[in-house]
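Shown next, in structure tokens, is the structure this report addresses.
Residue numbers (my numbering), protein chains in the order written: chain H, 1 to 75; chain X, 1001 to 1476.
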């Protein structure tokens, strides 16, 4: 149990958060929205709202970095 | 006209006063002058990074580009720049720690000293200088153009550019990084307020957001989808830009140097957290106005495209608001230019092998003066930023700097990295950018920078592995 926890603390969080960033990045390459001028809220294209949501998701991802893997060290 | 001149003078005076106050608070040590004594808290660091990163291109260029291509401009800039903020953790955190431990104040110094290689330091520094100097000159010309537009050609762009350069020279000369950081806060707030005001008045003038979008859509539906009006946003270009900012932005010496200025890691953390939240709406405004411009601006010449945002504001907002927005654009431009000026002066005065080590601040101030003098000379000699080798360098700035990213990451994270592999990575990366940029090799629709980064990464990894293997063989 102790070893599993140490491994998780050492690598697990980094791997999980790295995967989160890779997924968010590839979601930004939204090829499925190409050539689709579908209008959404306030007449803006729907895919713009998608990009906005994805960019705001980055705030949560950065929060995860700060909370789980960015440990402060006194130089 | 008098009101316009008074407003510009008051703005300049405010910046000079801030520079003077920063001077009063400073002590004449290299650490205090060049990196503000590593004292910037979250608010100053955040605005400093925002104002330094968001140049006149953000303010004027985005609107121009969305006018020609459509909403696609928003996606590549907002998400790409928001994603770039992860570099505050990947690079900023390490740079800040190493700076605090070893007293580093320039990017080249860190890379060179960590690898114990003077040659690597100079190669790294040379790339930074080659791609930053022409960019600084274009900022000066941009400022001149804005002042000429504001004063309806009463003041020529040359005089406008020279005066702007002299003002930013004085406050940077006086206040160093502290002056640059504090003016960034004022310039950043001005820039953001000007954008918000622009949005409110233009939207109101076009009958509301929904009506403005409907009218633009009726004009050109392709503005609302990709690949866009001019077919620019292919999937390859989209992918390239989404990833480019992460590699290029932190390599700008004026941004890299900001990492040293943080008071603590909390300041870096807060800046990283707030960055996407700000870009998501700051970048939205110029792009939207650029798209909406299709409703009212029909006959726009190629030379006027970057003035689409001011033209729209002039059409729909009172004169006072238009003046405020133009000063906001000037602020965006100056905040980038003063940071470039300081970072260049820091590199020249600190990284070059001068004998008198204790006169680094005096030398830094001298280089600020010389760089501004050089930029003014360029302007007065009729330098055209769009042609010749300088034009090529400006166009290639992002690609040229992005090639440095693999070296920085290898130096910060991989103990097997060798100086020779870093030098090879930078040189081969730059050569490959040149070959892709000028069509000697087909880039398959991607930006040349993507290939340059890939090649530079492969070279630094394999170069280091091979060199380590040879060393091991020789030892045994």
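We put the beta carbon where it would ideally sit given N, CA and C, even for glycine.
Note that the coordinates shown come from a computational prediction; the quantities given were computed from them, not determined experimentally.
Relative to the Cα of residue 1184 of chain X, the nearest Cα in the group X:1365, X:1044, X:1112, X:1030 belongs to X:1044. The C-alpha of residue 1089 of chain X lies about 19 angstroms from the C-alpha of residue 1401 of chain X. Taking a Cβ-Cβ threshold of 8 angstroms, the residues of chain H close to residue 1273 of chain X are 59, 62, 63, 66, in chain order. DSSP links residue 1297 of chain X through a beta bridge to no other residue. Among the bridge pairs identified by DSSP, residue 1107 of chain X is matched with none. Contact annotation, residue 1054 of chain X with residue 1197 of chain X: C-beta distance approximately 16 angstroms; criterion of less than 8 angstroms not satisfied. In the three-state DSSP reduction, residue 1352 of chain X falls in the coil class, being neither helix nor strand. The DSSP-derived three-state label of residue 68 of chain H is helix.
For residue 1031 of chain X, the closest C-alpha among the options X:1434, X:1261, X:1476 is that of X:1261. Nearest neighbour of residue 1362 of chain X by Cα position, chosen from X:1023, X:1017, X:1028, X:1018, turns out to be X:1028.
By the Cβ-count criterion, residue 1242 of chain X is buried, with 16 or more other Cβ atoms from all chains shown falling within 10 Å of its own Cβ.
In this structure the segment 1036–1051 of chain X touches the segment 1252–1269 of chain X; the number of beta carbon pairs closer than 8 angstroms is three or more.
Boundaries of the alpha helix (DSSP H) harbouring residue 1473 of chain X: 1448–1475, taken from the DSSP string.
Rounded to whole angstroms, the Cβ separation of residue 1108 of chain X and residue 1131 of chain X is 13 angstroms, and the two are not in contact under 8 angstroms.
For residue 1269 of chain X, the chain H residues whose C-beta falls within less than 7 angstroms of its own C-beta are 66, 70, listed in chain order. As computed with DSSP, residue 39 of chain H is found in a beta bridge with H:45. Under the three-state reduction of DSSP output, residue 1085 of chain X falls in the coil class, being neither helix nor strand. The beta carbons of residue 1376 of chain X and residue 1163 of chain X sit about 10 angstroms from each other, so the pair does not count as a contact at 8 angstroms. Residue 1262 of chain X is bridged by DSSP to X:1040. In the DSSP annotation of this structure, the continuous segment of the alpha helix (DSSP H) that includes residue 24 of chain H starts and ends at 13–28. When Cβ-Cβ separations below 7 angstroms define contact, residue 1127 of chain X makes no contact with chain H. Per the Cβ contact rule, the segment 18–36 of chain H is not in contact with the segment 1206–1220 of chain X (fewer than 3 Cβ pairs under 8 angstroms).
Residue environment: residue 1338 of chain X is assigned as buried (16 or more neighbouring CB atoms within 10 Å of its CB, all protein chains considered). In the displayed model, residue 1208 of chain X falls within coil according to three-state DSSP, outside both helix and strand.
For residue 1357 of chain X, there is no enclosing alpha helix (DSSP H), as DSSP gives it neither H nor E.
With respect to chain H, the C-beta atom of residue 1210 of chain X has a partner C-beta closer than 7 angstroms. What residue 13 of chain H touches in chain X, judged by beta-carbon distance under 7 angstroms, is nothing: the nearest beta carbon there is about 13 angstroms away. Looking from the CA of residue 1458 of chain X, the closest CA among X:1145, X:1040, X:1166, X:1422 belongs to X:1422. By alpha-carbon distance to residue 1041 of chain X, the top candidate from X:1105, X:1238, X:1181 is X:1181.
For residue 1078 of chain X, a Cβ of chain H is located within less than 7 angstroms of the residue's own Cβ. In this structure, the straight-line span from the alpha carbon of residue 1115 of chain X to that of residue 1371 of chain X is close to 29 angstroms. Boundaries cannot be given for residue 1059 of chain X, as no alpha helix (DSSP H) includes it and DSSP labels it neither H nor E. For residue 1066 of chain X, the CB contacts under 6 angstroms within the same chain, skipping 5 residues up- and downstream, are 1073, 1287, 1290, 1291 in chain order. Short of 7 angstroms from the beta carbon of residue 1228 of chain X, and not among the five residues preceding or following it, lie these beta carbons of its own chain, in chain order: 1069, 1070, 1072, 1222.
Listed in chain order, the non-local C-beta contacts of residue 1331 of chain X below 6 angstroms within the same chain comprise 1187, 1190, 1191, local neighbours out to five positions each way being set aside. Taking the Cβ atoms as the reference, residue 1083 of chain X lies roughly 15 angstroms from residue 1251 of chain X, outside the contact range of under 8 angstroms.
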